[in-house]
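In the working numbering, the protein residues as written are 175 to 579. Using N, Cα and C, we set each Cβ at its ideal position, and we do this for glycine too. None of these values were measured; they are calculated from a predicted model.
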Amino acid sequence: MEEYAPFSEKQRRAINFCQEPGYMYIAQGAIRSGKTYSALLGFFIYTQSITKYKLNIVGGRNLRAMKLEMLPTLQDHANTMGLTHHYDKMDNMWTCNDVKYLFVAGHNYQSEQRIRSLSLGSGFCDEVTLVPEEFFKHLTSRLTYDDSKIWVTCNPGSKRHWFKEGWIDAEKYDLIDTFYMDDNASLGEKVKERNRSLYSGVFKKRMIDAVWCNTDGIIYKEWLDYDRLPTKLAVKRIDIGVDYGVSSITSFVKIITAKDGKRYITDNYQHNGEEDDNKTDEDLASDLMKFVGGDKINTLYYDPTAVSFRNTLRRKKIPFILKAADNEVIGGIRTTMNQFYSGNMKVNKKCKHIIRELDIYSWHEEIPDKPIKENDHHMDAIRYVIYTQDKVAGLGLVRLPSYMQ
Ligand SMILES: Nc1ncnc2c1ncn2[C@@H]1O[C@H](COP(=O)(O)OP(=O)(O)OP(=O)(O)O)[C@@H](O)[C@H]1O
Ligand SMILES: [Mg+2]
């Protein structure tokens, strides 16, 4: 059982919505600010008290995350109240005190199909900005009773996000609260500070300051270069990122991670298949080995579509690990941006291809949260290394699903 911290005023409002008139409660705001925890409790108390509607819905971005985050919280609340409960893995159905809670992921087509034919009592939708609009519409349209209610949580995104424009700006809710980390009394100062340090730029505004804001202009507005590596640099590992284009640009970047966690982008390579003669995978593999030089490489993170190039490297038995990169664009940019803005990662002045791209790599003007797919080859190669590594280490706070890329 969890240890309880006193509920903050906003958390109490999320919980007490179960006693208020009205249909929709929205908890928007910063990460780890206690939104899900308190809104879920309000939803749970309400659904347990209105037992005449036996089927309720718990929606979110993916089932795994929901089972890891929401199910234990619900189980904990049930235990505290001395209620019996069990979870049916086959049906993704949690039953507590004879009341049923169907867990449905917004990105699972089959589970979305399931809710189309149901009449549901009340609902909970976690991280609504990460589920498709259609899913949310279906979910709300199934809450058919006069006293149906829904609790919704989210971190802010773009001002043009469908949920911001269609529900928040259109005031299609009954009560809304904006949460900050200070609204969660269970967080210590150190944890709050660590959470703050994970975000920069537009993502800091959204995830920490709880402001809906657009991505605009140049993506990496702040970054530092360097002339020479520090003397007595204690190297932890050296990695390579590869973005691959058959008849466009192939780029390699080399990144040193020091034992103190600092990163140095030391070198870059570019082959332009449009302007220069086309190179075969064999040619690119020999260029790669020249690029490696005498360095002992730990891992090469490649563009996950570059299967033929990977196969060529495998055949050549190159002496380092080959890993398909995680190509989640927004999560990757968020993590890479934080490395640049915090000054943890610097670029060698001689990396002219990287520096050229850093100066012009931009957000799309029309489509929120989408980079323009130009001048992005080295940017992608860097992102592959940083995101795939930091995500594994748990620092990437991966949240955005692939459909937002
Ligand atoms: N009153 C409380 N007592 C004990 N633990 C709490 C309390 N409120 C929140 N927590 C814990 O704090 C952590 C963060 O809370 P929660 O998951 O609700 O944040 P969130 O605002 O939904 O964050 P995110 O936007 O990252 O999903 C969770 O581990 C939760 O269990
Ligand atoms: Mg949450």
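| Asked | Found |
| --- | --- |
| Beta carbon nearer than 6 Å to a non-hydrogen atom of ligand 2 | 209, 210, 300, 327 |
| Same chain, Cβ closer than 8 Å to residue 245, neighbours up to 5 away in sequence not counted | 261, 268, 277 |
| Selected residue, minimal CA-CA separation from residue 519, among 397, 188, 234, 549 | 397 |
| Reduced DSSP category for residue 181 - H, G, I as helix; E, B as strand; rest coil | coil |
| Contact test: residue 180 Cβ vs ligand 1 heavy atom, cutoff 8 Å | yes |
| Whether residue 331 touches residue 310 by CB criterion (9 Å) | no |
| Which of helix, strand or coil DSSP assigns to residue 569 | For residue 569, the pLDDT reaches just 45, beneath the cut-off of 50, and the residue's location in the model is therefore unreliable, although a value from the coordinates is still provided. It is coil, neither helix nor strand. |
| CB contact flag (residue 500, residue 412, <9 Å) | no |
| Three-pair Cβ contact test at 8 Å for the region 360 to 377 versus the region 319 to 329 | no |
| Cβ distance (whole Å) where residue 401 is taken to contact residue 554 below 8 Å | About 26 Å; that fails the 8 Å criterion. |
| Contact the region 182 to 194 vs the region 205 to 217: 3+ CB pairs below 8 Å | yes |
| Whole beta strand (DSSP E) elements within the region 474 to 537, 3-residue minimum | 495 to 498, 519 to 522 |
| Alpha helix (DSSP H) segment containing residue 211, residue limits | 209 to 223 |
| Pick from 399, 265, 405 that is closest to residue 530, judged by C-alpha positions | 399 |
| Distance CB(residue 180)-CB(residue 359) smaller than 9 Å | yes |
| Contact set for residue 436: own chain, Cβ-Cβ below 7 Å, skip 5 residues either direction | 518 |
| Spatial distance of residue 312 from residue 230 (CA atoms) | 14 Å |
| 9 Å Cβ cutoff, residue 425 in contact with chain C | Among the chains in the structure shown there is no chain C, since it carries only a single protein chain. |
| Reduced DSSP category for residue 364 - H, G, I as helix; E, B as strand; rest coil | helix |
| Cβ shell of residue 228 (< 8 Å), same chain only, five flanking positions each side left out | 272, 273, 274, 295 |
| Candidates 429, 423, 393, of which the one nearest residue 409 by Cα | 429 |
| Spatial distance of residue 580 from residue 183 (CA atoms) | Nothing in the structure corresponds to residue 580, since the chain is present only between 175 and 579. |
| Continuous beta strand (DSSP E) stretch holding residue 437: start and end | 437 to 446 |
| Buried versus exposed call for residue 254 [16 or more other C-beta atoms within 10 Å across all chains shown] | exposed |
| Among 237, 325, 480, 247, the one whose alpha carbon lies nearest that of residue 220 | 325 |
| Residue 509 CB to nearest heavy atom of ligand 1 below 8 Å | no |
| Cβ-heavy atom distance, residue 358 to ligand 1, below 8 Å | yes |
| Any non-hydrogen atom of ligand 1 closer than 8 Å to residue 185 Cβ | yes |
| Touching by the beta-carbon criterion (3+ pairs, under 8 Å), the region 456 to 465 and the region 551 to 565 | no |
| C-beta atoms of residue 525 and residue 420 nearer than 9 Å | no |
| Alpha-carbon spacing of residue 259 relative to residue 251, whole angstroms | 11 Å |
| Candidates 503, 445, 556, 366: closest to residue 207 by CA position | 366 |
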